[in-house]
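J.: Chains A and B are the protein sequences, given in the same order.
Under UniProt numbering, the first residue of the first sequence is numbered 1, with each subsequent residue one higher.
Under UniProt numbering, the first residue of the second sequence is numbered 1, with each subsequent residue one higher.
Just so you know, even glycine gets a beta-carbon here, dropped at the ideal spot from N, CA and C.
Predicted model, so just to flag it, every value in this text is computed and none were measured.
Number of protein chains: 2
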Amino acid sequence: MSMKTVSNVINGYAHVAEGTKERVLAAVETVGYRPNLSARNLARGRSGVIALVVPRLEMPYFAGLAGQLIEQAEARGWFVLIHETGWDRMAERAAIEGQFPQRIDGLIVSAQQLERADLDQRTATTPLVLLGERSFGDAVHHVAIDNTAAARTAVEHLIERGCRRIAMVGASDAAADDPRRRGYLEALEAAGLELQPDLMLPIRANSGEEGERVVRELLESDVALPDGVFAVTDWVALGAMRALHLHGLRVPDDAAVVGFDDIPYARAVTPSLTTIAPDRAALAEVALRMLETQLNPAGGLAEPVHQTVPFELVVRESTTSFGPPQSRAH
Amino acid sequence: MSMKTVSNVINGYAHVAEGTKERVLAAVETVGYRPNLSARNLARGRSGVIALVVPRLEMPYFAGLAGQLIEQAEARGWFVLIHETGWDRMAERAAIEGQFPQRIDGLIVSAQQLERADLDQRTATTPLVLLGERSFGDAVHHVAIDNTAAARTAVEHLIERGCRRIAMVGASDAAADDPRRRGYLEALEAAGLELQPDLMLPIRANSGEEGERVVRELLESDVALPDGVFAVTDWVALGAMRALHLHGLRVPDDAAVVGFDDIPYARAVTPSLTTIAPDRAALAEVALRMLETQLNPAGGLAEPVHQTVPFELVVRESTTSFGPPQSRAH
DNA sequence: CTGAAAGCGCTTACAG
DNA sequence: CTGAAAGCGCTTACAG
Chain A
1 MSMKTVSNVI
11 NGYAHVAEGT
21 KERVLAAVET
31 VGYRPNLSAR
41 NLARGRSGVI
51 ALVVPRLEMP
61 YFAGLAGQLI
71 EQAEARGWFV
81 LIHETGWDRM
91 AERAAIEGQF
101 PQRIDGLIVS
111 AQQLERADLD
121 QRTATTPLVL
131 LGERSFGDAV
141 HHVAIDNTAA
151 ARTAVEHLIE
161 RGCRRIAMVG
171 ASDAAADDPR
181 RRGYLEALEA
191 AGLELQPDLM
201 LPIRANSGEE
211 GERVVRELLE
221 SDVALPDGVF
231 AVTDWVALGA
241 MRALHLHGLR
251 VPDDAAVVGF
261 DDIPYARAVT
271 PSLTTIAPDR
281 AALAEVALRM
291 LETQLNPAGG
301 LAEPVHQTVP
311 FELVVRESTT
321 SFGPPQSRAH
Chain B
1 MSMKTVSNVI
11 NGYAHVAEGT
21 KERVLAAVET
31 VGYRPNLSAR
41 NLARGRSGVI
51 ALVVPRLEMP
61 YFAGLAGQLI
71 EQAEARGWFV
81 LIHETGWDRM
91 AERAAIEGQF
101 PQRIDGLIVS
111 AQQLERADLD
121 QRTATTPLVL
131 LGERSFGDAV
141 HHVAIDNTAA
151 ARTAVEHLIE
161 RGCRRIAMVG
171 ASDAAADDPR
181 RRGYLEALEA
191 AGLELQPDLM
201 LPIRANSGEE
211 GERVVRELLE
221 SDVALPDGVF
231 AVTDWVALGA
241 MRALHLHGLR
251 VPDDAAVVGF
261 DDIPYARAVT
271 PSLTTIAPDR
281 AALAEVALRM
291 LETQLNPAGG
301 LAEPVHQTVP
311 FELVVRESTT
321 SFGPPQSRAH
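(1) To the nearest angstrom, how far is it from the Cα of residue 133 of chain A to the Cα of residue 269 of chain B?
(2) Can you give me the Cβ contacts of residue 64 of chain A inside the same chain, cut-off strictly under 8 Å, excluding the 5 residues immediately before and after it?
(3) Is any heavy atom in the ligand HEM found nearer than 8 Å to the beta carbon of residue 304 of chain B?
(4) Between the stretch 137-144 of chain A and the stretch 214-229 of chain A, do three or more beta carbon pairs fall short of 8 Å?
(5) Would residue 235 of chain B pass as an interface residue toward chain A - the criterion being a Cβ-Cβ separation below 9 Å?
(6) Pull out every residue of the stretch 258-276 of chain A whose Cβ sits closer than 8 Å to any Cβ of chain B, in chain order.
(7) Hey, does residue 318 of chain A have any beta-carbon neighbour from chain B nearer than 9 Å?
(8) Going by other Cβ atoms of all chains shown within 10 Å of its Cβ, with 16 needed for buried, is residue 296 of chain A buried or exposed?
(9) Sort B:241, B:255, B:109 and B:114 by Cα distance to residue 165 of chain B and report the nearest one.
(10) I'd like the span of the beta strand (DSSP E) that includes residue 62 of chain A, first residue to last.
(11) So what's residue 51 of chain B in DSSP terms, helix, strand or just coil?
(12) Could you check what DSSP says for residue 328 of chain B in three-state terms: helix, strand or coil?
(13) Counting Cβ pairs closer than 8 Å, one from the stretch 78-90 of chain A and one from the stretch 46-60 of chain A, do we hit at least three?
(14) Would you tell me roughly how many angstroms separate the C-alpha atoms of residue 130 of chain B and residue 111 of chain B, rounded to the nearest one?
(15) Using a beta-carbon distance below 9 Å, is residue 59 of chain B in contact with chain A?
(16) If we count the other Cβ atoms within 10 Å of its Cβ and call it buried at 16 or more, is residue 300 of chain B buried or exposed?
(17) Name the one or two DSSP bridge partners that residue 79 of chain A has.
(18) Once you ignore the five residues that flank residue 278 of chain B on each side, which residues in its own chain have a CB closer than 6 Å to its CB?
(19) Would you say the stretch 66-74 of chain B touches the stretch 89-106 of chain B, given that touching needs at least three Cβ pairs under 8 Å?
(20) Quick one: what's residue 259 of chain A bridged to in DSSP?
(21) Quick one: Cα of residue 290 of chain B to Cα of residue 284 of chain B, how far?
(22) When the Cα atoms are used, what is the spatial distance from residue 293 of chain A to residue 33 of chain B?
(23) By DSSP's criteria, residue 307 of chain B is part of a beta bridge. Which residues make up the other side?
(24) Using 8 Å for Cβ pairs, my map puts residue 218 of chain B next to residue 201 of chain B. What's the rounded Cβ distance?
(25) Compute the Euclidean distance between the alpha carbons of residue 321 of chain A and residue 320 of chain B, then round it to the nearest angstrom.
(26) Please tell me whether residue 300 of chain B has its Cβ less than 9 Å away from any Cβ of chain A.
(27) Residue 102 of chain B touches chain A at which residues, Cβ-Cβ below 9 Å?
(28) Apart from the five residues just before and just after residue 308 of chain B, which ones in its own chain have a Cβ nearer than 8 Å to its Cβ?
(29) Considering Cα atoms alone, identify which of B:123, B:288, B:243 and B:316 is closest to residue 272 of chain B.
(30) Take the Cβ of residue 192 of chain B as the centre, count every other Cβ of all protein chains shown within 10 Å, and call the residue buried at 16 or more, exposed below.
(31) Counting only C-beta atoms, is residue 306 of chain B closer than 9 Å to chain A at any point?
(32) If I measure Cβ to Cβ from residue 187 of chain A and keep anything under 7 Å in the same chain, skipping five residues before and after, which residues do I get?
(33) Please report the distance separating the alpha-carbon of residue 288 of chain B from that of residue 274 of chain A.
(34) Return yes when the Cβ of residue 51 of chain A is within less than 9 Å of the Cβ of residue 102 of chain A, no when it is not.
(35) Tell me which residues share the same chain as residue 100 of chain B and place their Cβ nearer than 8 Å to its Cβ, disregarding the 5 neighbours each side in the sequence.
(36) Can you tell me which of the three DSSP states residue 110 of chain B falls into?
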């Protein structure tokens with residue numbers, strides 16, 4: 001039996017006779033052979049490592065995504081180096097240039113601040129896949145849920161629950177092309193509700209503090225109270241709920257709240273939070289497939305592709321019902 | 001200039017004349033040289049990879065810890081492979097045996113279910129460091145905060161706020177040697193408070209659901225209401241707060257609550273959660289140092305060591321004051 | 001189809 | 001101190 005045959009079996013190539021294959025695998029098993037990846041990667045000219053770039057791993061949405069990606073990457077023999085940017089545009093620019101302590105075979109970047117111009121100026125040629133709601137035309141491979149459709153679904157849900165004055169927390173100031181804002185507007189329009197500019201609340205960061213601040217300011221202003229809140233992330237929604245509470249408003253009775261991301265706390269908080277749940281597993285899988293496409297340009301053009309994955313509206317107490325009994329239950 | 005000299009500079013060894021050193025570094029800079037770690041590791045007989053084993057990366061406490069560890073490991077030229085066990089004892093046993101798709105140089109395991117016996121049966125010789133509150137005698141390198149002192153601090157804080165009937169949520173059933181339970185008992189005793197066995201509430205998992213369940217059962221029972229709750233994790237505390245809410249009790253006015261871990265949600269939730277914050281950076285650093293000690297047994301015995309790192313009590317609204325104003329503020 | 005051999009980019013023991 | 005050379009464990013092009 002040749003070395004080539006053994007290699008074929010181990011790497012799953014070619015057609016090896018069943019009996020031979022079994023003998024090889026049996027030998028591998030008894031010896032406890034485990035390929036030395038350093039050697040393999042050195043010989044193949046690859047590092048076997050892909051980088052996942054996120055703002056902050058501690059944020060549950062990104063941690064969940066990282067978990068999915070690690071699992072699926074391992075199954076493909078890849079190893080995931082996680083790198084944090086802290087929402088800094090310069091750090092994101094550095095990341096897409098592949099400035100890592102390790103050589104890497106590919107990059108998956110959750111873009112928060114990155115602009116189209118940053119991509120155009122990119123000099124590195126490492127295969128790249130972008131994640132997230134920002135859009136970059138056809139400059140780069142990109143996976144995301146359909147953020148407009150998801151936002152529309154969220155706001156339609158509020159409208160169905162009877163909300164008529166729905167605030168959007170996290171309307172980006174400038175961006176007419178913010179997909180979530182567009183979904184919000186579409187839902188209002190489809191229901192024949194008038195847009196209230198006072199209820200579109202821009203924030204400086206997708207943080208709980210910011211969500212709380214702008215909702216508090218709204219409630220303390222002369223603007224009539226909202227009866228529904230659509231927040232661009234669950235984290236922002238938690239802040240919004242906090243402001244509502246502190247103002248003596250009950251969720252969902254006085255104002256219903258919908259978030260975005262379905263982080264674990266959405267379930268644990270009181271009242272639990274209705275939210276948009278992206279299909280994280282699909283996100284991870286598509287991103288890895290896009291990386292593979294770029295690494296093996298078998299079959300011609302590896303034109304940048306934009307692809308969407310499914311999402312789901314998860315309905316919980318913040319839009320249905322909840323409340324401590326007035327008298328104690330027994 | 002010899003290859004050895006260059007190697008010395010790059011790896012920071014030995015005494016190289018300043019001028020030479022600068023010339024080398026300048027050359028490295030202009031050429032943009034980056035060592036190929038696959039080759040280096042192959043030559044050195046190491047993989048350059050350490051594994052971090054946690055129950056679930058999506059849990060914010062572990063995600064935060066992983067973030068710290070990744071950062072500090074990168075600074076030491078290590079790469080972190082994250083592996084999830086899902087709180088499964090068999091998965092933890094497999095992990096300490098080093099059954100990974102990669103060869104690894106060391107293992108850092110957050111032990112949740114692992115028993116002393118599992119360690120005694122271990123056959124692998126990969127350097128190992130254990131994290132977490134379980135104790136394993138002197139069988140293995142181990143880093144943790146002083147959980148007894150931390151729990152005592154938390155409960156003393158409740159007592160200072162005037163609590164007299166303090167429930168402990170998460171008292172492990174069997175374990176007389178549970179360090180957090182011991183801290184709870186010590187604090188009660190020091191304050192001359194009588195132990196109320198009815199207020200020690202065992203749970204099956206450190207989940208919000210379990211925290212909610214046992215507190216709900218307590219509140220619905222004939223036992224007099226508690227005026228303070230010490231939960232073994234923030235996550236459990238969130239569940240406990242939920243049960244209190246649903247029962248019409250206000251936090252902290254009717255019952256104050258203290259958690260453990262200082263996950264990000266502890267700040268975001270309403271009311272925000274008083275909790276014990278372990279020094280994660282120190283945890284990561286000590287764990288890595290212990291791994292290095294085992295890898296470079298320079299200076300003799302690498303006897304297993306148990307080491308503690310600092311913690312802090314972070315006081316927030318759940319033990320001080322909070323409440324929506326009765327009439328709206330203006 | 002088979003096997004011996006070169007080469008991936010480093011580190012390090014060794015002869016000069 | 002210096003430099004040439006071997007070797008880490010794989011993959012793969014190449015001659016048989």
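T.: On the basis of the supplied data:
(1) Mapped onto the first sequence, residue 133 of chain A falls at position 133. Mapped onto the second sequence, residue 269 of chain B falls at position 269. Near 26 Å, if we compare the C-alpha coordinates of residue 269 of chain B and residue 133 of chain A.
(2) Looking up residue 64 of chain A in the first sequence gives position 64. So the list reads 263, 264 and 280, once near-sequence residues are dropped.
(3) With respect to the ligand HEM, the structure offers nothing, as it holds no ligand at all.
(4) no
(5) The residue labelled residue 235 of chain B in the question sits at position 235 within the second sequence. Interface residue, yes.
(6) 264, 265, 267, 268, 269 and 270
(7) Indexing the first sequence from 1 puts residue 318 of chain A at position 318. Judged by the 9 Å Cβ criterion, residue 318 of chain A is not in contact with chain B.
(8) In the first sequence, counting from the first residue as 1, residue 296 of chain A sits at position 296. Exposed, because fewer than 16 other Cβ atoms sit within 10 Å of the Cβ of residue 296 of chain A.
(9) Numbered from 1 along the second sequence, position 165 holds the residue referred to as residue 165 of chain B. Measuring from the Cα of residue 165 of chain B, the nearest candidate turns out to be B:255.
(10) Within the first sequence, residue 62 of chain A is the residue found at index 62, counting from 1. Element bounds for residue 62 of chain A: not the beta strand (DSSP E) but the alpha helix (DSSP H), 60-75.
(11) Along the second sequence, one-based indexing puts residue 51 of chain B at 51. The answer is strand: DSSP assigns residue 51 of chain B an E or B state.
(12) Taking the first residue of the second sequence as 1, we reach residue 328 of chain B at position 328. Reliability fails at residue 328 of chain B, whose pLDDT of 35 lies under 50, so the model's placement of it is uncertain and the value that follows must be treated cautiously. Note: residue 328 of chain B maps to coil in three-state DSSP.
(13) yes
(14) Working through the second sequence from its first residue, we reach residue 130 of chain B at position 130. Working through the second sequence from its first residue, we reach residue 111 of chain B at position 111. Roughly 6 Å separates the two Cα atoms.
(15) The sequence position of residue 59 of chain B within the second sequence is 59, counting from 1. Yes, its Cβ sits closer than 9 Å to a Cβ of chain A.
(16) Mapped onto the second sequence, residue 300 of chain B falls at position 300. Confidence is the limiting factor: at residue 300 of chain B the pLDDT is only 49, short of 50, which leaves the residue's position unreliable and the question unanswerable from this model.
(17) Numbered from its first residue, the first sequence carries residue 79 of chain A at position 79. A:49, per the DSSP bridge assignment.
(18) Residue numbering aside, residue 278 of chain B sits at position 278 when the second sequence is read from its first letter. Closer than 6 Å at Cβ, skipping near neighbours: 145 and 311.
(19) no
(20) The count along the first sequence starts at 1 and reaches residue 259 of chain A at position 259. DSSP, once it has assigned bridges, lists A:275 as partnering residue 259 of chain A.
(21) Along the second sequence, read from residue 1 onward, the residue named residue 290 of chain B stands at position 290. Along the second sequence, read from residue 1 onward, the residue named residue 284 of chain B stands at position 284. For residue 290 of chain B and residue 284 of chain B, the distance between alpha carbons rounds to 10 Å.
(22) Walking along the first sequence from the start, residue 293 of chain A turns up at place 293. Walking along the second sequence from the start, residue 33 of chain B turns up at place 33. Rounded to the nearest angstrom, the two C-alpha atoms are 28 Å apart.
(23) Counted from its first residue, the second sequence places residue 307 of chain B at position 307. For residue 307 of chain B, which the question treats as bridged, DSSP gives the partners B:143.
(24) If you number the second sequence from 1, residue 218 of chain B lands on position 218. If you number the second sequence from 1, residue 201 of chain B lands on position 201. Confirmed, about 6 Å.
(25) Your numbering for residue 321 of chain A matches position 321 in the first sequence. Your numbering for residue 320 of chain B matches position 320 in the second sequence. Between residue 321 of chain A and residue 320 of chain B, the C-alpha separation is close to 29 Å.
(26) What you label residue 300 of chain B is simply residue 300 of the second sequence in a count that begins at 1. Note that residue 300 of chain B scores a pLDDT of 49, beneath 50, so its modelled location is shaky; the value from the coordinates is reported in the next line. Not one chain A Cβ lies under 9 Å of residue 300 of chain B.
(27) Translated into positions along the second sequence, residue 102 of chain B becomes position 102. Correct list: 34, 37, 48, 74 and 79.
(28) Walking along the second sequence from the start, residue 308 of chain B turns up at place 308. The residues are 143, 144, 145 and 146.
(29) Taking the first residue of the second sequence as position 1, residue 272 of chain B is located at position 272. Checked all of B:123, B:288, B:243 and B:316; the closest Cα to residue 272 of chain B is B:316.
(30) Here residue 192 of chain B refers to the residue found at position 192 when the second sequence is read from its first residue. Residue 192 of chain B should be labelled exposed.
(31) For this step, residue 306 of chain B is matched to residue 306 along the second sequence. No, because no Cβ of chain A sits closer than 9 Å to the Cβ of residue 306 of chain B.
(32) As a first step, residue 187 of chain A must be located in the first sequence, where it is residue number 187. So the qualifying residues of the chain are 152, 155, 156 and 159.
(33) As a position in the second sequence, residue 288 of chain B is number 288, starting the count at 1. As a position in the first sequence, residue 274 of chain A is number 274, starting the count at 1. Straight-line Cα distance between these residues: approximately 41 Å.
(34) Numbered from its first residue, the first sequence carries residue 102 of chain A at position 102. Numbered from its first residue, the first sequence carries residue 51 of chain A at position 51. Against a cut-off of 9 Å, the Cβ pair of residue 51 of chain A and residue 102 of chain A comes out as a contact.
(35) Taking the second sequence and counting its residues from 1, the one referred to as residue 100 of chain B is at position 100. Result list for residue 100 of chain B: 51, 81 and 83, in chain order.
(36) By 1-based counting over the second sequence, the position of residue 110 of chain B is 110. DSSP places residue 110 of chain B in strand when its eight states are reduced to three.
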